[in-house]
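In my numbering, the protein residues as written are 1 to 408.
Written out below as structure tokens is the structure these notes cover.
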């Protein structure tokens with residue numbers, strides 16, 4: 001049950017303001033556009049302005065030009081735990097705007113949902129954290145410890161924002177983190193790891209009418225990708241399905257041939273490149289997988305001494321798991337139960353969030369929990385449920401009070 005102090009803090013959430021702020025932030029195009037030097041800055045400035053209006057301590061840090069982080073802090077009455085609410089301000093491309101039912105950056109409300117690129121992933125969750133912190137501030141309750149909001153750039157890319165956040169010491173005092181990604185307000189206590197490998201196979205470019213004067217790089221790449229598919233099948237058989245994460249996967253996401261220069265119908269490609277996106281579950285060994293890929297490349301290119309390959313590991317983030325007994329989990333679970341009257345639903349994140357960096361580099365217990373359908377991110381007609389938004393903001397208020405505790 002909610003205490004009178006908790007009831008008071010929750011009552012200060014203004015749902016009209018909550019929805020309006022999500023619309024405002026979602027209407028800002030924060031797709032990273034490197035050719036224009038545009039990205040998250042306008043969205044970050046919006047976050048900074050709201051946090052300053054609330055009266056939070058704010059820090060604005062440029063990670064790369066056009067790509068800033070915003071850190072906002074609500075200090076408690078005395079030292080104690082630090083709870084972090086983490087979110088990102090970048091969104092993926094909207095694709096073809098004409099394919100959308102509503103303009104992708106209109107944040108249109110229809111059928112109890114807000115439609116728009118980034119409304120689900122994850123501007124709704126980020127705004128819920130800001131509004132929850134505003135309610136805590138206005139309540140006058142004296143927290144032990146503090147609340148830290150991290151609104152970072154580039155989660156959808158190489159995660160330079162959260163890496164900068166960690167490298168600059170902001171994570172050092174964080175005791176637990178709620179990653180406000182869209183998970184239908186389920187408590188996701190584990191998430192897949194990710195490994196990206198770049199593979200390049202080089203042969204000899206030649207005229208398409210005289211292929212024997214060169215070596216086609218496309219054929220060995222085709223042989224290699226068939227081997228990769230077999231490796232994926234073996235990994236699935238070997239490791240099965242994780243309770244919360246399902247099965248592992250290996251997905252070729254980019255296939256480019258030739259690697260450089262204009263492709264032409266009558267030119268045989270001298271080089272072919274692919275990116276392999278490994279999604280890892282506990283038990284898999286990344287180093288072992290890399291060596292298997294290397295062996296497959298040796299086999300695929302052994303047919304001609306003029307063939308060669310390059311293998312580069314672009315990124316590695318291991319799977320994460322947080323025990324149910326961790327306070328950051330139990331406080332969210334109790335908040336859900338007291339607000340809904342139901343037991344929480346536990347789950348896992350099929351992708352990889354900024355939380356992997358917080359957990360791997362600093363050992364911070366994380367739970368991923370935010371409003372939004374799990375399967376809608378990156379889709380045309382992205383949307384987020386208004387009911388889930390309202391619940392998330394209230395969950396965050398209660399979780400913060402219960403995690404930090406109140407000063408005497």
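Ideal placement from N, C-alpha and C gives every residue a C-beta, glycine not left out.
Roughly how far, in whole angstroms, is the beta-carbon of residue 259 from the beta-carbon of residue 208, given that I think they are within contact range, below 8 angstroms? No, residue 259 and residue 208 are not in contact; Cβ-Cβ is about 17 angstroms, not under 8 angstroms.
Out of curiosity, what's the CA-to-CA distance linking residue 109 and residue 115? 6 angstroms
Cross-strand partners of residue 268 (DSSP beta bridge): 206
Give the single residue among 396, 369 and 365 whose Cα lies nearest to the Cα of residue 180. 369
Please tell me whether residue 123 and residue 20 are closer than 8 angstroms, where the distance is taken between their beta carbons. no
Provide the residue span of the alpha helix (DSSP H) that contains residue 224, from first to last. 218–239
Which of helix, strand or coil DSSP assigns to residue 53: helix
Take residue 282 and list the residues in its own chain whose beta-carbon comes closer than 6 angstroms to its own, dropping the five residues that flank it on each side. 319
Determine the direct distance from the alpha carbon of residue 359 to that of residue 279, and round the result to whole angstroms. 17 angstroms
Local conformation of residue 247 per DSSP, three classes: coil
Other residues of its chain near residue 64: CB distance less than 7 angstroms, five sequence neighbours each side excluded: 160
Short of 7 angstroms in beta carbon distance, which residues of its chain neighbour residue 163, apart from the five on each side in sequence? Order them along the chain. 357
Same chain, Cβ closer than 7 angstroms to residue 55, neighbours up to 5 away in sequence not counted: 137
Between the segment 379–397 and the segment 92–101, do at least 3 Cβ pairs fall closer than 8 angstroms? yes
Secondary structure of residue 25, DSSP reduced to three states: helix
Pairs of beta-carbons, one from the segment 341–358 and one from the segment 186–201, closer than 8 angstroms: are there three or more? yes
Distance between residue 317 and residue 272 (C-alpha atoms, nearest Å): 26 angstroms
For the candidate residues 41, 293 and 343, whose alpha-carbon lies nearest to that of residue 224? 293
Let me know the beta strand (DSSP E) ranges lying completely inside the segment 321–355, each 3 residues or longer, listed in chain order. 346–349
Proximal residues to residue 121 (C-beta, below 8 angstroms), its chain only, five neighbours per side dropped: 91, 92, 181, 182, 372, 376, 377, 378 and 382
Can you tell which of 239, 297, 129 and 38 has its C-alpha closest to the C-alpha of residue 200? 297
In terms of DSSP beta bridges, what is residue 199 paired with? 274 and 311
Residue 47 versus 274, 28 and 32, residue with shortest Cα-Cα distance: 28
Which residue comes first and which comes last in the beta strand (DSSP E) that contains residue 191? 187–191
Consult DSSP for residue 385 and reduce its assignment to one of helix, strand or coil. strand
Output yes or no for whether 8 angstroms exceeds the beta carbon distance between residue 354 and residue 59. no
To the nearest angstrom, report how far apart residue 125 and residue 255 are at their CA atoms. 34 angstroms
Just mark residue 364 as buried or exposed, buried being the case when its beta carbon has 16 or more other beta carbons within 10 Å. buried
Which residue or residues does DSSP assign as beta-bridge partners of residue 75? 146
Looking at residue 218 and residue 257, is the spacing between their C-beta atoms short of 8 angstroms? yes
With three or more beta-carbon pairs closer than 8 angstroms as the criterion, would you say the segment 329–341 touches the segment 389–407? yes
Looking only at its own chain, which residues have a Cβ that is under 6 angstroms from the Cβ of residue 152, when we skip the five neighbours before and after it? 69, 88, 161, 162 and 165
Would residue 18 and residue 131 be called neighbours here (beta carbons separated by less than 8 angstroms)? yes
Beta strand (DSSP E) segment containing residue 160, residue limits: It is not in any beta strand (DSSP E) - residue 160 instead sits in the alpha helix (DSSP H) that spans 160–167.
To the nearest angstrom, how far is it from the Cα of residue 302 to the Cα of residue 220? 9 angstroms
Could you tell me which residues DSSP pairs with residue 59 in its beta bridges? 71
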